[in-house]
């Protein structure tokens, strides 16, 4: 079971992480309750999408947030997608984000940005704000199924990594990521122990930034759904592993995905949440519509909740 789980999870992450494009409009300041209303110029701020574990620049027509950038651009938003190492520790990825955000700010003349992050990207965003001093340059951080309290899947994966499997996976991570990757270090930082004992206690929210979160709930165990969503079988083992800990998206539980103002859940697995594979998502869930509503929400304080 554990071997099947690891293979399926890595396959899902590899498919989910097929992206990110280039790098990176205006002002604001704040502090929680009054912060939302004080960010009156939020609509003119650029939106920056942050990918999760296994994210690539682009492979052919496949980008990580499948078709999301073009949809948001057609809605009138200025959108950028960042790129960091696919298999690396949070602090390394956050450090790679910093100059990209600086470039976005310089190019647009904006003073702050909205960050929308999937999976590990949400932890990168929190680290960037808390440890790298970006609280004055980030208006909102919205995380989508980020493992704020870790993932039991990472715990299990680490338990079976030592030995030949570890060497093979390290080789594959460096092959895919272009060298210098740290898959084991990355996996450890996604465990429940690291999240609750190290990351969260040392990474407080910045009072100048608004934090929102969204979780996904998969129906991976419903066999008839597999006909509509080719991704679900890849996440089935993870779903079963996490099912004893409540609703989840196949990799991250709803409880772990909660952070800041929890907006609710979407009927999607971890891949559906970014429109993978190639726009194929669970029946009844449109990832593009979800991101369109989410973008409107973060840029317009008077907009209704996106869920």
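Residue numbers (this note's numbering): 1172 to 1478.
Here a beta-carbon is modelled for each residue, glycine too, at the ideal position from N, C-alpha and C.
Here the structure is a predicted model, which is why all the values come from computation and not from measurement.
Neighbour-count burial assignment, residue i, 16 or more Cβ in a 10 Å radius
i	result
residue 1378	exposed
residue 1394	In this prediction, residue 1394 scores a pLDDT of 49, lower than 50, which makes its location untrustworthy; no coordinate-derived value is stated.
residue 1435	exposed
residue 1217	buried
residue 1256	buried
residue 1245	exposed
residue 1293	buried
residue 1425	buried
residue 1304	exposed
residue 1415	exposed
residue 1471	exposed
residue 1409	buried
residue 1290	buried
Reference residue i; option with closest CA among the options
i	options	result
residue 1319	1468, 1477, 1309, 1223	1223
residue 1460	1272, 1435, 1478	1478
residue 1464	1233, 1235, 1239	1239
residue 1307	1316, 1273, 1448, 1329	1273
residue 1467	1364, 1445, 1313, 1418	1313
residue 1237	1473, 1448, 1474	1448
residue 1241	1299, 1389, 1458	1458
residue 1247	1476, 1215, 1281, 1329	1215
residue 1249	1264, 1283, 1263	1283
residue 1421	1316, 1353, 1476	1316
C-beta atoms of residue i and residue j nearer than 8 Å
i	j	result
residue 1277	residue 1286	no
residue 1387	residue 1439	yes
residue 1443	residue 1433	no
residue 1325	residue 1374	no
residue 1288	residue 1221	yes
residue 1323	residue 1384	no
residue 1299	residue 1265	yes
Supposed contact pair residue j and residue i - C-beta distance, whole angstroms, cut 8 Å
i	j	result
residue 1309	residue 1380	5 Å
residue 1219	residue 1251	5 Å
6 Å Cβ shell around residue i - same chain, five flanking residues per side excluded
i	result
residue 1311	1285, 1381, 1469
residue 1178	The predicted position of residue 1178 is uncertain, since its pLDDT is 45 and thus under 50; no value can be drawn from it.
residue 1474	1467, 1468
residue 1376	1382
residue 1431	1382, 1383, 1384
Contacts around residue i, its chain only, beta-carbon distance under 8 Å, and the 5 residues preceding and following it disregarded
i	result
residue 1321	1361, 1362, 1363, 1364, 1365, 1366, 1367, 1427
residue 1418	1386, 1388, 1424, 1425, 1436
residue 1371	1319, 1320
residue 1358	1325, 1328, 1329, 1332
residue 1446	1236, 1237, 1238, 1239, 1452, 1458, 1459
residue 1213	1199, 1285, 1310, 1311, 1469, 1470, 1471, 1472
Residues near residue i in its chain [Cβ-Cβ closer than 7 Å; skip 5 each side]
i	result
residue 1267	1255, 1256
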